[in-house]
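For reference, the structure is listed below as structure tokens.
Numbering (our numbering), first residue to last: 28 to 288.
In structure tokens:
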């Protein structure tokens with residue numbers, strides 16, 4: 028459904044030396060699952076580069092219909108579905124998730140730039156290709172989770188810093204203690220899609236002398252078949268990163284840019 032756009036303050040994409048990125052990740056989903064034995068062999072080859080290596084298991088959620096309470100736990104009786112590598116002994120801080128269904132490289136703060144994330148992820152991916160040999164990727168994604176610390180003053184609306192801030196009808200009380208806003212968008216020219224979530228948690232809502240903290244989560248992805256070793260895979264990631272940048276800067280205003288230059 029097309030949406031009418033009103034004139035708004037435009038912010039040009041630019042480099043932010045103190046970008047509010049908590050995590051930036053690259054993710055591949057496989058068309059056919061790979062063998063757990065191959066993931067274990069890959070772990071033998073790179074495991075000594077990390078302080079912590081652990082198994083990924085399915086989560087089991089049980090809900091008691093009598094009292095409505097739910098519990099979540101690892102089912103140790105089910106076979107593992109992947110490996111997690113964290114706390115690298117050298118290089119930028121990151122986490123690698125290898126699963127029978129996919130591969131994720133997650134760059135943690137302090138974040139430097141896309142080039143470093145891309146280069147580091149590609150190096151691990153090339154090793155993964157050699158050992159595990161996935162054949163077809165059917166979904167690629169670039170996701171960035173931003174923590175925006177906004178020095179809002181008493182009575183100042185979120186729209187001072189955000190171009191798509193949630194609004195309360197003007198005749199209702201205007202104090203906002205929490206919100207979550209989720210939009211799914213499609214770029215038909217590139218087949219790129221994005222899930223954009225803006226959220227203010229209740230625990231973050233109390234105003235202090237430093238304002239409030241909220242999340243801007245931008246998950247861009249493309250569903251298409253790629254050969255796992257094809258350069259087109261990385262061209263798609265570059266396109267998704269550009270899409271992510273456009274979304275980020277369209278969601279903030281100049282006052283926010285000034286906070287992170």
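Even glycine gets a Cβ: it sits at the ideal position worked out from N, Cα and C.
In summary, residue 138 is buried, with 16 or more beta-carbon neighbours lying within 10 Å of its beta-carbon over all protein chains present. Under the three-state reduction of DSSP output, residue 73 falls in the helix class.
Residue 131 places its beta carbon less than 9 Å from that of residue 54. For residue 251, the enclosing beta strand (DSSP E) starts and ends at 239-254. Collapsing the DSSP output to three states places residue 149 in a helix. If you look at residue 121, you'll find it in the beta strand (DSSP E) that goes 121-126. In this structure, residue 166 and residue 56 form a Cβ contact; the two beta carbons are roughly 4 Å apart against a cut-off of 8 Å. Here the segment 199-210 does not lie against the segment 258-269, with fewer than 3 beta-carbon pairs under 8 Å apart. For residue 244, the closest alpha carbon among the candidates 237, 71, 279 is that of 279. Taken through DSSP and simplified to helix, strand or coil, residue 272 comes out as helix. According to the DSSP secondary-structure assignment, residue 193 is paired through a beta bridge with no residue.
Remark: fewer than three beta-carbon pairs, one from each stretch, lie closer than 8 Å, so the segment 172-187 and the segment 65-74 are not flagged as touching. Contact between residue 266 and residue 217 holds: CB atoms are separated by about 6 Å, below the 8 Å threshold. The secondary-structure analysis by DSSP pairs residue 111 across a beta bridge with 81, 124. Taken in chain order, the complete beta strand (DSSP E) segments of 3 residues or longer contained in the segment 34-73 are 48-57. In this structure, residue 58 keeps its C-beta atom at 9 Å or more from the C-beta atom of residue 79. Residue 42 is classed as exposed because its beta carbon has fewer than 16 other beta carbons within 10 Å across all chains shown.
Taking C-alpha positions only, residue 153 is separated from residue 143 by approximately 15 Å. The DSSP assignment places complete beta strand (DSSP E) segments of no fewer than 3 residues inside the segment 160-186 at 163-177, in order along the chain.
The C-beta distance from residue 255 to residue 162 rounds to 6 Å, short enough to fall under 8 Å.
In terms of CA proximity to residue 186, 281 leads the group 129, 169, 281. Within 10 angstroms of the beta-carbon of residue 129 lie 16 or more other beta-carbons, which makes it buried. Between the alpha carbons of residue 221 and residue 44 lies a gap of roughly 25 Å. Ranking 48, 61, 157, 275 by CA distance to the CA of residue 223 puts 275 first. Distances from the alpha-carbon of residue 115 to those of 104, 151, 140 put 151 closest.
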